[in-house]
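Here the structure comes first, spelled out in structure tokens, and everything after it is commentary.
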Amino acid sequence: MAEERETRERILILIPAFNEEEKIQAVVRDVRKEMPGVPVLVVNDGSGDQTEARARASGARVLTHPFNMGYGAALQTGYKYALRHGFDCVLQMDGDGQHDPRYLPALRREVLEGGVDVAIGSRFLGEGDYRAGWARQLGIALFRRVASTLCGQRITDPTSGYQALSRRAVEFCALDSFPGDYPDADVLVMMHRAGLRLGEVPVRMHPNARGRSMHSGLKPLYYLYKMFLSIALNCIRRERPAR
Amino acid sequence: MFLHQKIFAVVASLLIMALVVELVRRRKLREEYSWLWLLTGAVIVALVLWYDLLVALTRLIGAIAPTTTLFIFGLLFLMVISLHYSIQISKLSHQVKTMAQELALLRGKVEEPAEPGPET
């Protein structure tokens, strides 16, 4: 029995959430149904609503930031938790129901058996029929090109937050260089340059779940600027290789 | 440079320097941030009193009026100090982020003392 424990991989499901009181319970419930027995950690990023209580009521472990710090910071808190508790693989997904938990096993397999450090759940590999507005499509196409070129492999969905990370990748993302706001294509490039192996898994995403998108108003422009600056700087900065 | 221009520049600089010293004395400003301000005040006083240096400097940077030189250096100083503040703010927000994450992790531990490790 003890030996079997040793050989079994330890997996953590990580869900960053900010003001998701309406969705979080259903998300956690679906995840637990899909991956029974696997611990679910919700990082509540300073929500002003009932996110924390509802997540806890649905059986997830909850860590709460004292104030809102952004998506990336919430992910990183989860990574730090995973490292301190000795998890081998982190499966991360959004708390708004956009990511279909049925693809969690496929993502996990890609990391634990496929020898990949970062498995990206891509909505553009045939599963589902994801439709986005033209502006968003343009942005995704742009980042797809940039990420694919810089990573030396085809990356179809560099802005996907539905990912599985190996322990090496989690260690890398727990470093100070991980951005606090929106980790996206720039982080993929950074990880590639640090010697981590990337791979993609087809997933289905629900486009309308994110009614109030974080990309609205002037933010997309700032986002574009930030992403390109970040990628450009990553290219002239020497990356410490991942252990 | 007219006499009252000189008087104004010197008095203004001395007032600022006195204010900085007073703020440090009352511990409202940390010593490490005061030296840049004091240095600027001192440089302005020195340039006004040692007029030949100001003229030489004006010729060196290609300006025409010596007062321009004072303004240019004043502006440059302000830019440097703003940049310095930006760096400080970046550093502080990074520290705050790390601390808040640590707080969340520790609070999770305290509130769930019997929290199991990874389920196997």
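From first to last, the protein sequence lines stand for chains F and C.
Taken in order, the first sequence gives residues 129 to 371; the numbers are from my numbering.
Taken in order, the second sequence gives residues 818 to 937; the numbers are from my numbering.
For glycine and all other residues, C-beta sits at the position ideal for the given N, C-alpha and C.
Only a predicted model underlies this, so the values are computations on that prediction, with no experimental measurement involved.
Considering only their Cβ atoms, is the gap separating residue 265 of chain F from residue 333 of chain F smaller than 9 angstroms? For this step, residue 333 of chain F is matched to residue 205 along the first sequence. For this step, residue 265 of chain F is matched to residue 137 along the first sequence. No; because the gap between Cβ atoms is not below 9 angstroms, this pair is not in contact.
Alpha-carbon spacing of residue 908 of chain C relative to residue 314 of chain F, whole angstroms: Taking the second sequence and counting its residues from 1, one reaches residue 908 of chain C at position 91. Taking the first sequence and counting its residues from 1, one reaches residue 314 of chain F at position 186. When rounded, the separation of the alpha-carbon atoms in residue 908 of chain C and residue 314 of chain F is 21 angstroms.
Could you give the C-beta distance for residue 274 of chain F and residue 359 of chain F, rounded to a whole number, given that I count them as a contact under 8 angstroms? The residue you call residue 274 of chain F lines up with position 146 of the first sequence. The residue you call residue 359 of chain F lines up with position 231 of the first sequence. That belief holds up - the Cβ atoms of residue 274 of chain F and residue 359 of chain F are roughly 6 angstroms apart, short of 8 angstroms.
Can you tell which of F:139, F:198, F:176 and F:145 has its C-alpha closest to the C-alpha of residue 164 of chain F? Position 36 of the first sequence, counting from 1, holds the residue named residue 164 of chain F. That would be F:139, whose Cα lies nearest to the Cα of residue 164 of chain F.
Assign residue 798 of chain C to buried or exposed, taking buried as 16 or more other Cβ atoms, counted over all protein chains shown, within 10 Å of its Cβ. Nothing in the structure corresponds to residue 798 of chain C, since chain C is present only between 818 and 937.
According to DSSP, residue 227 of chain F sits in a beta bridge with which residue or residues? On the first sequence, residue 227 of chain F is found 99 positions in, with the first residue counted as 1. Answer is F:333.
For residue 926 of chain C, does the three-state DSSP call read helix, strand or coil? The sequence position of residue 926 of chain C within the second sequence is 109, counting from 1. Helix.
Determine whether the Cβ of residue 911 of chain C lies closer than 9 angstroms to any Cβ atom of chain F. Here residue 911 of chain C corresponds to residue number 94 of the second sequence, with the count starting at 1. Closer than 9 angstroms to some Cβ of chain F, the Cβ of residue 911 of chain C qualifies, so yes.
Give me the Cβ distance between residue 144 of chain F and residue 206 of chain F, rounded to the nearest whole Å; I'm assuming they're in contact under 8 angstroms. Numbered from its first residue, the first sequence carries residue 144 of chain F at position 16. Numbered from its first residue, the first sequence carries residue 206 of chain F at position 78. That belief holds up - the Cβ atoms of residue 144 of chain F and residue 206 of chain F are roughly 7 angstroms apart, short of 8 angstroms.
I need the DSSP call for residue 830 of chain C, collapsed to helix, strand or coil. Looking up residue 830 of chain C in the second sequence gives position 13. Here residue 830 of chain C sits in helix by DSSP.
Starting from the C-beta of residue 278 of chain F, find all residues in its chain whose C-beta is less than 6 angstroms away, skip the five residues before and the five after it, and write them out in chain order. Against the first sequence, residue 278 of chain F aligns to sequence position 150. 317, listed in sequence order.
Find the residues of chain C that neighbour residue 355 of chain F, judging by a C-beta separation of less than 7 angstroms, and give them in chain order. In the first sequence, the residue the question calls residue 355 of chain F occupies position 227. None at all; the shortest Cβ gap to chain C is about 18 angstroms.
Checking the sheet assignment: what are the DSSP bridge partners for residue 150 of chain F? For the purposes of this step, residue 150 of chain F is identified with residue 22 of the first sequence, where counting begins at 1. Residue 150 of chain F is not bridged to any residue.
Ordered along the chain, which non-local residues of its own chain (more than five positions away) have a Cβ less than 7 angstroms from that of residue 179 of chain F? Here residue 179 of chain F refers to the residue found at position 51 of the first sequence. Hits under 7 angstroms: 145, 147, 148, 149, 152 and 172.
Proximity winner among C:918, C:904 and C:871, relative to residue 212 of chain F (alpha-carbon distances): As a working note, residue 212 of chain F is residue 84 in the first sequence. Considering only alpha carbons, the answer is C:918.
Between residue 255 of chain F and residue 175 of chain F, what straight-line distance do the alpha-carbon atoms span, to the nearest angstrom? For the purposes of this step, residue 255 of chain F is identified with residue 127 of the first sequence, where counting begins at 1. For the purposes of this step, residue 175 of chain F is identified with residue 47 of the first sequence, where counting begins at 1. So the alpha carbons of these two residues sit roughly 32 angstroms apart.
Inter-residue Cα distance where the pair is residue 861 of chain C and residue 190 of chain F: In the second sequence, the residue the question calls residue 861 of chain C occupies position 44. In the first sequence, the residue the question calls residue 190 of chain F occupies position 62. Taking the straight line joining both Cα atoms gives about 57 angstroms.
What are the residues of the segment 190–204 of chain F that lie near chain C, defined by any Cβ-Cβ distance shorter than 8 angstroms? When CB distances to chain C are screened at a threshold of 8 angstroms, the residues of the segment 190–204 of chain F falling below it are 190, 191, 192, 193, 194, 195, 197, 201 and 204, in chain order.
Between which two residues does the beta strand (DSSP E) carrying residue 206 of chain F extend? In the first sequence, counting from the first residue as 1, residue 206 of chain F sits at position 78. Counting along the chain, residue 206 of chain F falls outside any beta strand (DSSP E), though it belongs to the alpha helix (DSSP H) covering 199–212.
Residue 338 of chain F - DSSP class collapsed to helix/strand/coil: Position 210 of the first sequence holds residue 338 of chain F. Caution applies to residue 338 of chain F, whose pLDDT of 49 falls short of 50 and renders its modelled position unreliable; the value that the coordinates give is listed next. Coil at residue 338 of chain F, not helix or strand.
Residue 912 of chain C, buried or exposed, once every other Cβ within 10 Å from all chains shown has been counted against 16: What you label residue 912 of chain C is simply residue 95 of the second sequence in a count that begins at 1. By the 10 Å Cβ count, residue 912 of chain C comes out exposed.
Look at residue 247 of chain F and residue 329 of chain F and say whether their C-beta atoms are less than 9 angstroms apart. For the purposes of this step, residue 247 of chain F is taken as the residue at position 119 of the first sequence. For the purposes of this step, residue 329 of chain F is taken as the residue at position 201 of the first sequence. Closer than 9 angstroms, so yes.
Coarse secondary structure for residue 250 of chain F, derived from DSSP in three states: Numbered from 1 along the first sequence, position 122 holds the residue referred to as residue 250 of chain F. Three-state DSSP puts residue 250 of chain F in a strand.
Proximity test, Cβ basis, 9 angstroms: residue 161 of chain F and chain C: As a position in the first sequence, residue 161 of chain F is number 33, starting the count at 1. Chain C, which has no Cβ nearer than 9 angstroms to the Cβ of residue 161 of chain F, makes this no.
Beta-carbon proximity of residue 355 of chain F to residue 245 of chain F, cut-off 9 angstroms: Translated into the one-based positions of the first sequence, residue 355 of chain F becomes position 227. Translated into the one-based positions of the first sequence, residue 245 of chain F becomes position 117. The answer is no: Cβ separation not under 9 angstroms.
Within 10 Å of its beta-carbon, does residue 238 of chain F have 16 or more other beta-carbons around it, so buried, or fewer, so exposed? On the first sequence, position 110 is the one that residue 238 of chain F refers to. Residue 238 of chain F comes out buried.
Residue 172 of chain F by DSSP, collapsed to three states: which one? Here the question's residue 172 of chain F lines up with position 44 in the first sequence. Three-state DSSP puts residue 172 of chain F in a strand.
Select from F:201, F:159 and F:200 the residue whose C-alpha is nearest the C-alpha of residue 378 of chain F. Outside the shown range of chain F (129 to 371) lies residue 378 of chain F, about which nothing can therefore be said.
Inside the segment 825–887 of chain C only - alpha helix (DSSP H) runs reaching at least 4 residues: 848–866 and 868–878
Interface flag, residue 922 of chain C vs chain F, CB-CB below 9 angstroms: Here residue 922 of chain C is taken as the residue at index 105 of the second sequence, counted from 1. Closer than 9 angstroms: yes.
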